[in-house]
Amino acid sequence: KSLASIGGFAVGSEAMEVLRYGSRPYIFTASPSPSCIATVRSSLRTIATQPELRQKLMDNANHLYDGLQKLGYELSSHISPVVPVIIGSKEDGLRIWRELISLGVYVNLILPPAAPAGITLLRCSVNAAHSREQIDAIIQAFATLKQ
Numbered sequence: 173k174s175l176a177s178i179g180g181f182a183v184g185s186e187a188m189e190v191l192r193y194g195s196r197p198y199i200f201t202a203s204p205s206p207s208c209i210a211t212v213r214s215s216l217r218t219i220a221t222q223p224e225l226r227q228k229l230m231d232n233a234n235h236l237y238d239g240l241q242k243l244g245y246e247l248s249s250h251i252s253p254v255v256p257v258i259i260g261s262k263e264d265g266l267r268i269w270r271e272l273i274s275l276g277v278y279v280n281l282i283l284p285p286a287a288p289a290g291i292t293l294l295r296c297s298v299n300a301a302h303s304r305e306q307i308d309a310i311i312q313a314f315a316t317l318k319q
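Oh and the sequence shown: position 60 is 232 in the working numbering, straight run, nothing missing.
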């Protein structure tokens, strides 16, 4: 899923046979299309040949995480390219999500029951192509909502 494609795949040994015959979701799926496989292969080549992109990705994730944390937002305990902002209620989550959109920032809104433990999440996703200025704009939008 993280390789600019659709869906996901699993690789394993003979133990995978158990999953193949016992997993209802697997039974009703199709193999990845050739274009998806080509996309994943290209992404893996890029990861292998341009390690600086991974560093830029994690720099962006750290910058966003640190900025939101300094503003007092509740975040997950680990830093990744997806920074979930934990919101107490569905109503607050919807309000903040709409306000962020009005400020020009789109994040994914995750509502119960899809969110764990009945909480609401605003999932902020960054990538290596984001500039420092773009990350700062996201942080500023969240700061505006704290005022």
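Glycine included, every Cβ here is placed at the ideal spot set by N, Cα and C.
Out of curiosity, what's the CA-to-CA distance linking residue i and residue j?
i, j, result
"Gly244", "Gln319", "12 Å"
"Leu317", "Ala309", "13 Å"
"Glu305", "Glu186", "48 Å"
Determine the extent of the beta strand (DSSP E) in which residue i is found, giving its start and end residues.
i, result
"Ser274", "Not the beta strand (DSSP E): Ser274 falls in the alpha helix (DSSP H), residues Lys262 to Ser274."
"Ser297", "Thr292 to Ser297"
Identify whether residue i lies in helix, strand or coil by the three-state DSSP scheme.
i, result
"Ile282", "strand"
"Val254", "strand"
"Glu186", "coil"
"Leu243", "coil"
Drop a sphere of 10 angstroms on the beta-carbon of residue i, count the other beta-carbons inside from all chains shown, and report buried for 16 or more, exposed for fewer.
i, result
"Thr221", "exposed"
"Leu216", "exposed"
Would you grab the beta carbon distance between residue i and residue j for me? Rounded to a whole angstrom, and I think it's under 8 Å.
i, j, result
"Leu225", "Thr218", "7 Å"
Output the boundary residues of the alpha helix (DSSP H) element that contains residue i.
i, result
"Gln312", "Arg304 to Lys318"
"Pro323", "Since the first residue of the chain shown is 173 and the last is 319, residue 323 is not available in this structure."
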